[in-house]
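Just below is one structure, and these are the notes that go with it.
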Amino acid sequence: MNRIRLLSEDIINQIAAGEVIERPASVVKELVENSIDAGANKIDIFIRNGGKSEIKIVDNGIGMSCDELYLAVQRHATSKLNADDLDNIKTLGFRGEALPAISSVSAFSIQSSNNDSLAEGHELLIDFGKKPIIKPAKKLRGTTITVKNLFFSTPARLKFLKTDDYESLVIKDYVKKISICNFSIQFNLFVDEKKILTSLVQDSKNRTSKLEHRTNDVLGKEFFKNSIFINEKRENYSFFGLLGIPTFNHSNTKNQFIFVNQRVIVDKSINQIFKVAYKDVIPYNRFPQIIIFIICDAHLVDINVHPAKNEVRFKDKNKLNSYLIKIIREA
Ligand code: ADP
Ligand code: MG
2 MNRIRLLSED IINQIAAGEV IERPASVVKE LVENSIDAGA NKIDIFIRNG GKSEIKIVDN
62 GIGMSCDELY LAVQRHATSK LNADDLDNIK TLGFRGEALP AISSVSAFSI QSSNNDSLAE
122 GHELLIDFGK KPIIKPAKKL RGTTITVKNL FFSTPARLKF LKTDDYESLV IKDYVKKISI
182 CNFSIQFNLF VDEKKILTSL VQDSKNRTSK LEHRTNDVLG KEFFKNSIFI NEKRENYSFF
242 GLLGIPTFNH SNTKNQFIFV NQRVIVDKSI NQIFKVAYKD VIPYNRFPQI IIFIICDAHL
302 VDINVHPAKN EVRFKDKNKL NSYLIKIIRE A
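No gaps in the numbering here: position 140 of the sequence shown is 141 in our numbering, and each next residue is one more.
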């Protein structure tokens, strides 16, 4: 064993990448969330070879100045945590670790300019965690991030990835979820140059009609047609979404979309609650199809329990569960 010492910044970033970036879909997730936090209303996602050779995200959000570009790729640098209050997070990001992590395991580039009409555009390049290089670039609206050759410098991680088709599918599933959750943003997904998913923004003030259009674009018309709309409030929680009718069931839980405060969530215990709520009307080996938005005060849910923020912890899970079961049964 060697003597104790502090790890280098590059190694720290690679270790963080191990937690946050598991596969190409995790890169897509982190970058799309940044674009949403930047206020974009159009996000284009381009992937090549399942995202292994290239992922490019183009947004029309607020963009970054030259100084901000430098900061953005540093560890624990974020514009999102106001007053250091972890109990009141309104943005998708807050940990300030995605960009340094991604740029430590890829050939990484950000092109951006802030919306100030006099500001110039810049491009920042990082080659697998090396020192950033910055140069002037064409001024664009918003930000374009390109991630090439993910994990090429870490063969052990690369070996872990599945086929291009599989990785593309994981990305497509994620883009479906995030686009159902954000029906005021237009998303386009291109796989090897082919547009495979597009969701337009419905020009309506009505949430239900927006959800209907988005569901039709992303999941096909059958979903909305075979669902019951819910919009309920119980104490500190609001529930909004679509509950598939019992005959419109599925062979797995893939068509159960759970969003908590505009965040895509994976929560097996909520899948289980759906199962319980439908148990008298669906065969036990089938699963209901559901889109549910759970909205509550930020302090009722802890989102800082998972590096990729896929899971959350509710302060009062029992209450939430019983509301869910009641609302579903009544519907
Ligand atoms: P976090 O999202 O947790 O703040 P990130 O490493 O993902 O951490 O991003 C660091 C910072 O870079 C963000 O806080 C934001 O200020 C800036 N940033 C990243 N992506 C974009 C983007 N697409 N548009 C504008 N700013 C961005
Ligand atoms: Mg982020």
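Every residue, glycine too, gets a C-beta built ideally from N, C-alpha and C.
Alpha carbon of Phe162 to alpha carbon of Glu55, nearest angstrom:
Sequence inspection shows Leu at residue 162; the Phe mentioned does not correspond to that position. Those two C-alpha atoms are separated by around 14 angstroms.
Which residues in the same chain as Asn89 place their Cβ atom closer than 7 angstroms to its Cβ, once the five residues preceding and following it in sequence are excluded?
Ala299 and His300
Which residue or residues does DSSP assign as beta-bridge partners of Thr145?
Val59 and Gln112
Touch test, the region 111-125 against the region 152-170, Cβ-Cβ under 8 angstroms, three pairs minimum:
no
According to the neighbour-count rule (16 or more other Cβ atoms, all chains shown, within 10 Å of its Cβ), is Gln273 buried or exposed?
exposed
Assign Ala99 to one of three DSSP states: helix, strand, or coil.
helix
Using only the alpha-carbon positions, how far apart do Leu151 and Asn50 sit?
11 angstroms
Going by DSSP, which residues form a beta bridge with Pro137?
His123
Element boundaries [beta strand (DSSP E), containing Leu301]:
Note, Leu301: premise wrong, no beta strand (DSSP E); not H, not E.
Any heavy atom of ligand 1 within a distance shorter than 6 angstroms of the CB on Asp60?
yes
Can you tell me whether Asp165 is helix, strand or coil according to DSSP?
helix
Segments assigned beta strand (DSSP E), at least 3 residues, entirely inside the region 162-220
Considered as a whole, the region 162-220 harbours 187-192 and 195-200 as its complete beta strand (DSSP E) runs of no fewer than 3 residues, in chain order.
Cβ-heavy atom distance between Ser185 and ligand 1 below 6 angstroms?
Ligand 1 never approaches Ser185 closely enough for any of its heavy atoms to be under 6 angstroms from the residue's Cβ.
Between Asn305 and ligand 2, is the CB less than 6 angstroms from at least one heavy atom?
no
DSSP puts Asp45 in a beta bridge; with which residues?
Val59 and Asn189
Whole angstroms is fine: what's the gap from Phe241's alpha carbon to Val261's?
11 angstroms
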